[in-house]
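Report on one structure; see the data block that follows.
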Amino acid sequence: MKTRSLTLLAALVLIGVGGFMAGRITSSKSSATHADGSSGSQSSRSALQDIRDSSGESGRKSQRPERPERAARNSTGSSTERLARLESIVRGENPLDRSRALLAYIDQLGPGDFEAAVAHFRSLGITESRFGEYGMLLAAWAKADPLAALLYATANTTSGFATNTILTTWASTDPEAAIRWAETHHEGDDANPYLAGIIRAIASTDPARATQLLTAMPKSVERGEALDAMLPHLLTQGADATRAWIAAITDDSLRNGAMMRAADKLAATDPAGTAAWLIANPSEATQRSMDNVYSAWAMQDQQAALSSLAALPSGENRSNALRGVVSSVAGTDPKAALSMMDRFPNDVNDQVLRNFIWHSFGTDPSVAVNQIARITDVEQRDRMYNRTISTWLERDAAAATAWIQVNPLPPAVQEGLHNSPGR
584 MKTRSLTLLA
594 ALVLIGVGGF
604 MAGRITSSKS
614 SATHADGSSG
624 SQSSRSALQD
634 IRDSSGESGR
644 KSQRPERPER
654 AARNSTGSST
664 ERLARLESIV
674 RGENPLDRSR
684 ALLAYIDQLG
694 PGDFEAAVAH
704 FRSLGITESR
714 FGEYGMLLAA
724 WAKADPLAAL
734 LYATANTTSG
744 FATNTILTTW
754 ASTDPEAAIR
764 WAETHHEGDD
774 ANPYLAGIIR
784 AIASTDPARA
794 TQLLTAMPKS
804 VERGEALDAM
814 LPHLLTQGAD
824 ATRAWIAAIT
834 DDSLRNGAMM
844 RAADKLAATD
854 PAGTAAWLIA
864 NPSEATQRSM
874 DNVYSAWAMQ
884 DQQAALSSLA
894 ALPSGENRSN
904 ALRGVVSSVA
914 GTDPKAALSM
924 MDRFPNDVND
934 QVLRNFIWHS
944 FGTDPSVAVN
954 QIARITDVEQ
964 RDRMYNRTIS
974 TWLERDAAAA
984 TAWIQVNPLP
994 PAVQEGLHNS
1004 PGR
């Protein structure tokens, strides 16, 4: 392979780690639960399985005829020496030196050398801190021989990190070939788990094609992951372009998922515009995102957030906005947050109260616990009493006991505290 610069090194590392963080190609069975409404990524434990589950796998070769040109090697030394050098590199502690050395090592590999290198890397039981190097090896193999890399990955790995990384790399240079492979190797009517990496690769260069692939997917975890891959590239085009793209989505679930994700990001730079956008487009996304937007707004400009909150008509939107502002303020100034709730008593619901209690408890437990009686759901109220007072007794038994002695508690709570360990 030709010598690569450190810029390419960084790109390869990002491809590998990015593929893991948003890619999940573990099963053809996809759950639609929380599919588009929340970000879902494969756990590090699953990706580590790619590397650790090498018992009996590192020596297992993909069943394919080896072409003479694939077997050619540009490196010097025996296979054993090359693998020993790889191990020495990846066990190094300095990440920059490790990356530079690995880049030089990769530059010496021929297409037929990668399988042994990847298999040996996986056999080492490398920890989570080496995912970048693992991704670099996979991405370099994908550039040299994507079909061989995919054949190995599908036969020997389970978490989806390897397959996703390879497909992302391949799609960056030949998207249609990668798409054909994904379509050929997926069976059934459920979501194609191979598409998220491809969508990530082409979202910036061909957003229309990426959108076409995304919107054709059924509701699923995989579609949520593909949406996560698509959104960052949309956001770089600006808020108006992102909102227009979301408005054009005809699938309600996908549109709501996109709105929620975009609202969280857009609120960081334009909370006022984001709040107005949510209010103008009432939906599940509005109900679930208003508190986050107003919380971000209050952290930037508390008075502006309060003024906007006051201008909203009483109802669900104002309750959700109040919850966000209260959550932002309660952690540092519980009394100020309580004053805000008292200003809008008709909009204080159980969710607002719970958020206030949890955020204010660490700063002023007595102020927090005094509000528990206002929770209308009896089970939630008693559960909140038990959790907060038990924690308070552990932190400051004298203060908690003094509060208990002058504040009547529901019988069920008294009994629970009496029977708790240490009482």
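Per our numbering, the sequence shown runs over residues 584 to 1006. Glycine included, every Cβ here is placed at the ideal spot set by N, Cα and C.
Query raised in the report: By how many angstroms is the C-alpha of phenylalanine 697 removed from the C-alpha of alanine 684?
Result: Distance between the alpha carbons of alanine 684 and phenylalanine 697: 16 Å.
Query raised in the report: Going by the CB atoms, is the gap between tryptophan 753 and alanine 760 shorter than 8 Å?
Result: Their beta carbons are under 8 Å apart, which means alanine 760 touches tryptophan 753 by this criterion.
Query - Inter-residue spacing [alpha-carbon to alpha-carbon] between arginine 844 and aspartate 884 - result: Rounded to the nearest whole angstrom, the CA to CA distance from arginine 844 to aspartate 884 is 22 Å.
Query raised in the report: Among residues of its own chain, excluding the 5 on either side of leucine 730, which ones have a beta-carbon nearer than 8 Å to its beta-carbon?
Result: Excluding sequence positions up to five before and after leucine 730, its CB lies within less than 8 Å of the CB of Trp764, all in the same chain and listed in chain order.
Report task. Tell me whether leucine 679 is buried or exposed, calling it buried when 16 or more other Cβ atoms sit within 10 Å of its Cβ. Result -> By the neighbour-count definition (other C-beta atoms within 10 Å, threshold 16), leucine 679 is an exposed residue.
Report task. Please list, in chain order, all residues of the same chain as glutamate 716 whose beta carbon is under 6 Å from its beta carbon, the five residues on each side excluded. Result -> These residues qualify, in order along the chain: Val673 and Leu685.
Query - Nearest-angstrom Cα separation, counted from alanine 893 out to isoleucine 989 - result: The identity of residue 989 in the sequence shown is valine, whereas the question assumes isoleucine. Between valine 989 and alanine 893, the C-alpha separation is close to 36 Å.
Query - Three-state secondary structure (DSSP) of histidine 769 - result: Correct three-state label for histidine 769: coil.
Query - For leucine 1008, the three-state DSSP class (helix, strand or coil) - result: Only positions 584 to 1006 of the chain appear in the structure, and residue 1008 is not among them; the question remains open.
Query - Per-residue burial, alanine 887 [other beta carbons within 10 Å of its own, 16 or more giving buried] - result: Alanine 887 sits exposed, since fewer than 16 C-beta atoms from the chains shown fall within 10 Å of its C-beta.
**Report entry** leucine 730: first and last residue of the uninterrupted alpha helix (DSSP H) it sits in
**Finding:** Counting along the chain, leucine 730 sits inside the alpha helix (DSSP H) bounded by residues 729 to 739.
Query raised in the report: Would the C-beta of glycine 807 count as close to the ligand PLP, meaning under 7 Å from any of its heavy atoms?
Result: Looking for the ligand PLP in the displayed structure turns up nothing, as the structure carries no ligands at all.
Query raised in the report: Can you tell me whether DSSP reads aspartate 930 as helix, strand or coil?
Result: Three-state result, aspartate 930: helix.
Query raised in the report: Can you name, in chain order, every residue of its own chain whose Cβ lies under 6 Å from the Cβ of serine 878, other than the five neighbours on each side?
Result: Taken in chain order, the residues that qualify are Gly907, Ser910 and Ser911.
Query raised in the report: So what does DSSP say about glutamine 988, is it helix, strand or coil?
Result: Assigned with DSSP and collapsed to three states, glutamine 988 falls in helix.
Query - Nearest candidate by alpha-carbon position, reference tyrosine 968, set Ala981, Pro991 and Asp979 - result: The residue among Ala981, Pro991 and Asp979 with its C-alpha nearest the C-alpha of tyrosine 968 is Pro991.
Query raised in the report: What three-state label does DSSP hand leucine 861 in the structure shown?
Result: Under the three-state reduction of DSSP output, leucine 861 falls in the helix class.
Query raised in the report: So the alpha helix (DSSP H) proline 1010 belongs to, where does it begin and stop?
Result: The structure shown does not extend to residue 1010, since the chain is modelled only from 584 to 1006, so the question has no answer here.
Requested in this report: Determine, using beta carbons only, whether alanine 841 and glutamate 808 come nearer to each other than 8 Å.
Outcome: No, the pair does not count as a contact, with Cβ atoms beyond the cut-off.
Query raised in the report: Which of helix, strand or coil does DSSP assign to asparagine 677?
Result: Coil, per DSSP.
Requested in this report: Over the uninterrupted alpha helix (DSSP H) stretch that includes arginine 906, give me the two end residues.
Outcome: That run of the alpha helix (DSSP H) goes 899 to 913.
**Report entry** Simplified DSSP assignment, three categories, for glutamine 870
**Finding:** Secondary structure at glutamine 870: helix, using DSSP grouped into helix, strand and coil.
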